[in-house]
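Numbering (this note's numbering), first residue to last: 14 to 238. Structure record follows, encoded as structure tokens.
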Amino acid sequence: MTITEKVQNVAERISWAAARAGRRLEDVKLVAITKTVDVDLIRAAADAGVRIFGENYVQEAKEKIAAVGKDVEWHMTGHLQKNKARDAVNMFSMVQTIDSLGLAEELDKRAGAAGKVILGLIEVNLGEERSKSGVSKDELIPFLNSVKGLKNLSVRGLMAIPPFFDEPEKVRPYFKALRELRDRANAEGFSLSELSMGMSHDFEVAVEEGATMVRIGTAIFGERG
Ligand SMILES: *Cc1c(COP(=O)(O)O)cnc(C)c1O
Numbered sequence: 014m015t016i017t018e019k020v021q022n023v024a025e026r027i028s029w030a031a032a033r034a035g036r037r038l039e040d041v042k043l044v045a046i047t048k049t050v051d052v053d054l055i056r057a058a059a060d061a062g063v064r065i066f067g068e069n070y071v072q073e074a075k076e077k078i079a080a081v082g083k084d085v086e087w088h089m090t091g092h093l094q095k096n097k098a099r100d101a102v103n104m105f106s107m108v109q110t111i112d113s114l115g116l117a118e119e120l121d122k123r124a125g126a127a128g129k130v131i132l133g134l135i136e137v138n139l140g141e142e143r144s145k146s147g148v149s150k151d152e153l154i155p156f157l158n159s160v161k162g163l164k165n166l167s168v169r170g171l172m173a174i175p176p177f178f179d180e181p182e183k184v185r186p187y188f189k190a191l192r193e194l195r196d197r198a199n200a201e202g203f204s205l206s207e208l209s210m211g212m213s214h215d216f217e218v219a220v221e222e223g224a225t226m227v228r229i230g231t232a233i234f235g236e237r238g
């Protein structure tokens with residue numbers, strides 16, 4: 014399949030999964046994950062209609078954003094170090110991986126200095142895995158309270174990278190848990206609309222459970238070398 018065909022295939026599968034859950038394709042944004050992917054392929058995906066790209070490394074993103082040169086949006090989807098917050102604010106419209114108060118404050122400060130508002134998602138460590146970053150479920154509401162006063166960081170929702178299972182159905186409880194966490198936060202007065210969850214092998218289940226952004230690498234660009 015060409016990149017165009019793969020993008021169309023993913024879009025169709027999102028659409029079917031959305032329909033099964035009584036949702037619409039427009040409610041789910043496709044974020045194409047470009048780590049280790051060549052600029053030519055990224056351009057091809059943009060030409061095929063992909064409007065949002067996600068990068069995991071600031072340095073890689075810097076080169077690619079300039080080289081791709083298309084009118085598309087870039088999100089940070091990898092772990093972000095505080096000392097890269099200024100670069101991140103310049104390159105990305107959204108940081109999907111806010112995992113500490115220090116990072117949130119630094120992004121706010123740097124966005125303020127640049128005269129802009131950066132969008133953010135709070136990364137939740139659903140499996141409470143030590144190897145992964147993210148705020149724990151129990152800390153989420155206090156965390157949201159701590160960042161709600163930041164004027165140049167606009168928190169739009171939650172993101173998670175659940176534990177890996179071959180069988181996508183096994184991930185469903187994690188996706189459901191993230192949606193329930195968001196709904197609970199909203200019941201407490203927050204207004205979080207976004208749920209970034211689901212990758213190449215499990216995005217249909219994520220869409221059925223309410224994902225508003227799916228992060229797809231392999232299914233569009235092929236296996237990473
Ligand atoms: C690599 C990556 C993805 C995409 O994974 P695929 O399985 O290739 O679709 C999604 N989200 C994050 C945070 C990633 O690092």
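All C-beta atoms in this analysis are idealised placements derived from N, C-alpha and C, irrespective of residue type, glycine included. Only a predicted model underlies this, so the values are computations on that prediction, with no experimental measurement involved.
Local conformation of residue i per DSSP, three classes
{"i": "Ala45", "result": "strand"}
{"i": "Leu163", "result": "coil"}
{"i": "Gln21", "result": "helix"}
{"i": "Val102", "result": "helix"}
{"i": "Arg143", "result": "coil"}
{"i": "Arg36", "result": "coil"}
{"i": "Arg237", "result": "coil"}
{"i": "Glu201", "result": "coil"}
{"i": "Glu182", "result": "helix"}
{"i": "Phe177", "result": "coil"}
DSSP bridge partner residues for residue i (one or two, in chain order)
{"i": "Glu207", "result": "Gly170"}
{"i": "Arg195", "result": "Its beta-bridge partners do not exist; DSSP assigns none."}
{"i": "Met107", "result": "His88 and Leu132"}
{"i": "Met226", "result": "Lys42 and Ser209"}
{"i": "Val148", "result": "Val137"}
N-terminal and C-terminal residue of the alpha helix (DSSP H) that residue i is part of
{"i": "Thr231", "result": "Thr231 to Phe234"}
{"i": "Arg123", "result": "Leu114 to Ala126"}
{"i": "Val220", "result": "Phe216 to Glu221"}
Assumed close pair residue i, residue j - CB separation to whole angstroms, cut-off 8 angstroms
{"i": "Glu136", "j": "Asp112", "result": "5 angstroms"}
{"i": "Val3", "j": "Lys97", "result": "As displayed, the chain neither begins before 14 nor continues past 238, which places residue 3 out of reach and without an answer."}
{"i": "Leu205", "j": "Arg169", "result": "7 angstroms"}
{"i": "Val52", "j": "Lys77", "result": "6 angstroms"}
{"i": "Ala74", "j": "Ile229", "result": "In fact, because the Cβ distance is near 17 angstroms, the residues do not count as touching under 8 angstroms."}
{"i": "Glu141", "j": "Ser149", "result": "6 angstroms"}
{"i": "Glu68", "j": "Thr49", "result": "Going by Cβ atoms, the distance from Glu68 to Thr49 rounds to 10 angstroms, so no, they are not a contact pair."}
{"i": "Phe203", "j": "Leu157", "result": "6 angstroms"}
{"i": "Ala224", "j": "Met210", "result": "5 angstroms"}
{"i": "Ser106", "j": "His88", "result": "7 angstroms"}
Beta strand (DSSP E) segments (min. 3 residues) lying fully within the segment 48-92: As for any beta strand (DSSP E) of minimum length 3 sitting wholly inside the segment 48-92, the runs are 65-68 and 86-89, ordered along the chain.
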